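Novice:
2 protein chains.
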Amino acid sequence: MDSGFVIVADWGSSKLRAHLCQIDTDDKLVPIDVGFGLGVTKVNGQFQQELESVSANWILQYGEMPILLSGQIGANIGWHEAPYVRCPAKTNQLADHLYQFSVNDMPVYIVPGMSCMLDNDTPDVMRGEELQVMGWLAQKPERQQGQHLLCLPGTHTKWVLVNNGQIEVFKTSMTGELYELLSSNSVLIQTVNNTLSEPSFMQGIELASRQTGFFSHGVFSVRTRQLFGQLNPEDSCSYLSGILVGADVRGAVTSSAWNMENIACVHLIGATDLVFRFELALKHHDVDVIKHEVEEVNLAGYQQIIKQIKAAD
Amino acid sequence: MDSGFVIVADWGSSKLRAHLCQIDTDDKLVPIDVGFGLGVTKVNGQFQQELESVSANWILQYGEMPILLSGQIGANIGWHEAPYVRCPAKTNQLADHLYQFSVNDMPVYIVPGMSCMLDNDTPDVMRGEELQVMGWLAQKPERQQGQHLLCLPGTHTKWVLVNNGQIEVFKTSMTGELYELLSSNSVLIQTVNNTLSEPSFMQGIELASRQTGFFSHGVFSVRTRQLFGQLNPEDSCSYLSGILVGADVRGAVTSSAWNMENIACVHLIGATDLVFRFELALKHHDVDVIKHEVEEVNLAGYQQIIKQIKAAD
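In structure tokens form, the structure reads like this:
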């Protein structure tokens, strides 16, 4: 890790997002360029070719450099499996369990995912989000103290409980994937419209907040409210989204995996529009939120890994 | 309705299922033959041609006869709209609101669907199931008394509360459609296997019964339990089904639309395999069930309609 440059990449199921970064004098990562490639499930096992095509010009210009990868690329369907680090665990254990190999004489490191066992004896897993939590923890020393709940909305939303700098437990909800399936392939929606109608979204939140067993028994109202003129078809996706995000947030605030009375606020990390929707839902439950830039948190995570690699060298 | 023969058909979204029946001396329907055609959403508006192709041989052999249709054929996407009868309502109101027209000089009657307004101000609708409830009520006079809860599992499961012979209210859950979407198009299942593994199914029921907000936060365990060797991939569909049916049944037994303490048992009407799954889930909640033949209940419903048409003639 002597080079002044590094490539860091979040390589998920559906896409690869890479940054060329300069490592400045106090070890901070400064992004110089960004590149995109195909996700793990889309490259037909041609991982090296895909990485080369994203990084070739950077290496031509700046020379050989280390490469850091996180996300599904370390799963059993990825390039090399980096086994899950089991929670409760400090995030610095991630750097202790990197999977390391070489590509064209350059060192490549894959950050392992994390697993946990929920109290109902079901396992949960994440890959990629653990690095963001690591970055979030590193951004401010005081985050190492006390109990914090992080929410990372996405295709698979992760709710992560951090206690005194350690990831205790986390839960996945498939809110994003359910939205995709139900908006594109179900009887509920005729024409997909992802523009947010806040009143319709809040109507969905409201419904999802009120009743146990709501999801199965409530989601059909996306159709019936259109039939009865209570909902404009162009707002139906927002209403569906409200129900799904509302059910997700209700599941989180009533979860037995943590006690919301001990949680001062929820830290939201993710895409702006999605984070806004979770903010609305959490505020509906009188839960305060603090929002964080996903890009910054990600880079802070890679930076921590690099620091540890350097220290171990 | 003088003819000794009648065609009755459940014409839903995805298929048309018709019976040629003889009306015997005490007005009972005796099925003679069965025929199948395309559903409402698959015929490109060619409703008459589809009906003719299913019924042509019967009419050739037995002459002109009346035709009774129920299901989505009466929806706004169907042949002719038969507006919903609003609950609470006696099922004999269905016969008062038939949509009648002629095809090749034969009278055609479309049974209207039913609608209700749930206490959370969301409407619900059904088309086809109301006729089954009507048939179920007609099968035994004592069913006209007291409170009964019926469950009709399917793509869209209907839970129907009957009070003193009147349909009070009902709820739809999209359990079947969710199963289709999640087993075929999600990250949860690699290979669809609809053969029931009862232990895996019960594991899903168990999980869904335990916790509020379970659905969003629990369904991802279909994937993680496979990853951690707790679930065989070939049993994963059964486990998913258990979660979905379990969430549906939990939603029903905790619903504010009725009070389970006043319900002696749940009457199940539907396909054998699906009914068995709901039976397992309901028994898990210590709820007794009585199962009914969907075909018999259907014919009993058409029979009631015919009786009323004759009486009005």
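Residue numbers (the numbering used here), protein chains in the order written: chain L, 1 to 313; chain D, 1001 to 1313.
All residues carry an ideal CB built from backbone N, CA and C; glycine is no exception.
The model shown is predicted, which means the values in this text are computed figures rather than measured ones.
Taking 8 Å as the cut-off, does the stretch 304-313 of chain L touch the stretch 90-100 of chain L (at least 3 CB pairs, one atom from each stretch)?
Specialist: yes
Novice: To test your reading of the DSSP string, which unbroken alpha helix (DSSP H) runs of 4 or more residues are found completely within the stretch 271-299 of chain L?
Specialist: 272-284
Novice: Quick one: which residues of the stretch 1244-1255 of chain D get their C-beta closer than 9 Å to a C-beta of chain L? List them in chain order.
Specialist: Residues are counted here when their Cβ sits less than 9 Å from a Cβ of chain L; for the stretch 1244-1255 of chain D these are Leu-1244, Ala-1247, Asp-1248, Val-1249, Arg-1250, Gly-1251, Ala-1252, Val-1253, Thr-1254, Ser-1255, given in chain order.
Novice: Verify the CB distance criterion: does Met-1065(D) have a CB-CB separation below 7 Å to chain L?
Specialist: Residue numbering aside, residue 1065(D) sits at position 65 when the second sequence is read from its first letter. No - not a single Cβ of chain L is within 7 Å of the one on Met-1065(D).
Novice: Who pairs with Trp-11(L) in a beta bridge, going by DSSP?
Specialist: Against the first sequence, residue 11(L) aligns to sequence position 11. In DSSP, Trp-11(L) forms a bridge with Leu-16(L).
Novice: Quick one, which residues of the stretch 112-125 of chain L are near chain D if we go by CB-CB under 7 Å, in chain order?
Specialist: Asn-120, Thr-122, Pro-123, Asp-124, Val-125
Novice: If the cut is a Cβ gap below 7 Å, which residues of chain L does Glu-1130(D) touch?
Specialist: On the second sequence, position 130 is the one that residue 1130(D) refers to. Result: empty, since nearest Cβ-Cβ is about 15 Å, beyond 7 Å.
Novice: Check the Cβ of Arg-225(L) against every Cβ in chain D and list those closer than 8 Å, keeping chain order.
Specialist: Numbered from 1 along the first sequence, position 225 holds the residue referred to as residue 225(L). Per Cβ cutoff of 8 Å: Thr-1122, Pro-1123.
Novice: Quick check: the stretch 69-77 of chain L against the stretch 272-287 of chain L, are at least 3 beta-carbon pairs closer than 8 Å?
Specialist: no
Novice: Measure the Cβ-Cβ separation of Arg-143(L) and Leu-137(L) and say whether it is below 7 Å.
Specialist: As a first step, residue 143(L) is located in the first sequence; it is residue number 143 there, counting from the start. As a first step, residue 137(L) is located in the first sequence; it is residue number 137 there, counting from the start. Contact: yes.
Novice: Please classify Arg-1127(D): is it buried, with 16 or more other beta-carbons within 10 angstroms of its beta-carbon, or exposed?
Specialist: Taking the first residue of the second sequence as 1, we reach residue 1127(D) at position 127. Classification of Arg-1127(D): buried, given that the 10 Å Cβ count is 16 or more.
Novice: Which class does Met-1106(D) belong to by DSSP, given the choice of helix, strand or coil?
Specialist: Translated into the one-based positions of the second sequence, residue 1106(D) becomes position 106. Three-state DSSP puts Met-1106(D) in a strand.
Novice: Run through chain D and tell me which residues come within less than 7 Å of Glu-177(L), C-beta to C-beta.
Specialist: Locating residue 177(L) in the first sequence gives position 177, where the first residue counts as 1. Contact note: Glu-177(L) reaches chain D through Ser-1186, Val-1187, using a C-beta cutoff of 7 Å and chain order.
Novice: Pairs of beta-carbons, one from the stretch 1016-1030 of chain D and one from the stretch 1047-1063 of chain D, closer than 8 Å: are there three or more?
Specialist: yes
Novice: Could you pull the start and end residues of the beta strand (DSSP E) that Leu-1068(D) belongs to?
Specialist: Mapped onto the second sequence, residue 1068(D) falls at position 68. Leu-1068(D) -> beta strand (DSSP E) spans 1067-1070.
Novice: Is the beta carbon of Glu-168(L) less than 7 Å from the beta carbon of Pro-88(L)?
Specialist: Within the first sequence, the letter at position 168 stands for residue 168(L). Within the first sequence, the letter at position 88 stands for residue 88(L). Result yes, Cβ atoms of Glu-168(L) and Pro-88(L) sit closer than 7 Å.
Novice: Whose Cβ in chain L lies nearer than 8 Å to the Cβ of Ser-1197(D)?
Specialist: Position 197 of the second sequence, counted from the first residue, corresponds to residue 1197(D). Result: empty, since nearest Cβ-Cβ is about 17 Å, beyond 8 Å.
Novice: Just tell me which of Phe-1201(D), Gln-1166(D), Val-1253(D) has its CA closest to the CA of Ile-1243(D).
Specialist: Here residue 1243(D) corresponds to residue number 243 of the second sequence, with the count starting at 1. Of the candidates Phe-1201(D), Gln-1166(D), Val-1253(D), the one whose C-alpha sits nearest the C-alpha of Ile-1243(D) is Phe-1201(D).
Novice: Tell me which residue opens and which closes the alpha helix (DSSP H) that Ser-320(L) is part of.
Specialist: Any answer about residue 320(L) is impossible in this case: the structure gives chain L only from 1 up to 313.
Novice: Within 7 Å of any Cβ in chain D, is that where the Cβ of Met-134(L) sits?
Specialist: The residue labelled residue 134(L) in the question sits at position 134 within the first sequence. Closer than 7 Å: no.
Novice: Within the same chain, show all residues whose beta-carbon is closer than 8 Å to that of Pro-1123(D), passing over the 5 residues directly before and after it, in chain order.
Specialist: Reading the second sequence from its first residue, position 123 is the one you call residue 1123(D). For Pro-1123(D), where only same-chain residues beyond five positions count, the Cβ hits under 8 Å are Ser-1115, Cys-1116, Met-1117.
Novice: Using a Cβ distance threshold of 8 Å, determine whether the stretch 1030-1043 of chain D contacts the stretch 293-303 of chain L, with at least three qualifying pairs required.
Specialist: no
Novice: Checking contacts by CB at 7 Å: is Phe-276(L) closer than that to chain D?
Specialist: Locating residue 276(L) in the first sequence gives position 276, where the first residue counts as 1. Not an interface residue.
Novice: Going by DSSP, name the residue or residues bridged to Ala-1089(D).
Specialist: Taking the second sequence and counting its residues from 1, the one referred to as residue 1089(D) is at position 89. DSSP output for Ala-1089(D) lists Ile-1167(D) as bridge partner(s).
Novice: For Pro-1123(D), which of helix, strand or coil comes out of DSSP?
Specialist: On the second sequence, position 123 is the one that residue 1123(D) refers to. Pro-1123(D): strand per DSSP, three-state reduction.
Novice: Find out if the Cβ-Cβ distance for the pair Gln-1132(D), Ile-1269(D) is shorter than 7 Å.
Specialist: Counting from 1 along the second sequence, the entry for residue 1132(D) is found at position 132. Counting from 1 along the second sequence, the entry for residue 1269(D) is found at position 269. Yes; because the gap between Cβ atoms is below 7 Å, this pair is in contact.
Novice: Looking only at its own chain, which residues have a Cβ that is under 7 Å from the Cβ of Ser-1255(D), when we skip the five neighbours before and after it?
Specialist: Taking the second sequence and counting its residues from 1, one reaches residue 1255(D) at position 255. Within the same chain, Ser-1255(D) has close Cβ partners Lys-1171.
Novice: Which of the residues in the stretch 134-160 of chain L, read from start to end, lie with their CB under 9 Å from any CB of chain D?
Specialist: The residues in question are Thr-155, His-156, Thr-157, Trp-159.
Novice: Give me the residue from Leu-1051(D), Gly-1154(D), Lys-1028(D), Pro-1083(D) with the minimum Cα distance to Leu-1016(D).
Specialist: The residue labelled residue 1016(D) in the question sits at position 16 within the second sequence. Out of Leu-1051(D), Gly-1154(D), Lys-1028(D), Pro-1083(D), Leu-1051(D) has the C-alpha closest to the C-alpha of Leu-1016(D).
Novice: When you compare only the Cα positions, how much space is there between Glu-130(L) and Gly-63(L)?
Specialist: Taking the first sequence and counting its residues from 1, one reaches residue 130(L) at position 130. Taking the first sequence and counting its residues from 1, one reaches residue 63(L) at position 63. So the two alpha carbons sit approximately 30 Å from each other.
Novice: Nearest chain L C-beta to Thr-1172(D) closer than 7 Å, yes or no?
Specialist: Your numbering for residue 1172(D) matches position 172 in the second sequence. Yes - at least one Cβ of chain L is within 7 Å of the one on Thr-1172(D).
Novice: So which of Phe-220(L), Ile-7(L), Pro-83(L) has the shortest CA-CA distance to Ser-183(L)?
Specialist: For the purposes of this step, residue 183(L) is taken as residue 183 along the first sequence, with counting starting at 1. That would be Phe-220(L), whose Cα lies nearest to the Cα of Ser-183(L).
Novice: With a CB to CB cut of under 7 Å and the five nearest residues on each side skipped, what residues in its chain are close to His-148(L)?
Specialist: Position 148 of the first sequence holds residue 148(L). The answer, listed in chain order, is Val-162, His-267.
Novice: Please confirm if Ser-1320(D) has its CB atom under 7 Å from at least one CB of chain L.
Specialist: In this structure chain D extends from 1001 to 1313, so residue 1320(D) is not present and cannot be described.
Novice: Relative to the C-alpha of Gln-1230(D), which candidate in Pro-1199(D), Tyr-1109(D), Gln-1166(D) has its C-alpha closest?
Specialist: Within the second sequence, numbered from 1, the residue matching residue 1230(D) stands at position 230. Closest option to Gln-1230(D), Cα to Cα, is Pro-1199(D).
Novice: My parser needs the beta strand (DSSP E) runs of 3 or more residues fully inside the stretch 150-204 of chain L; what are they?
Specialist: 157-163, 166-173
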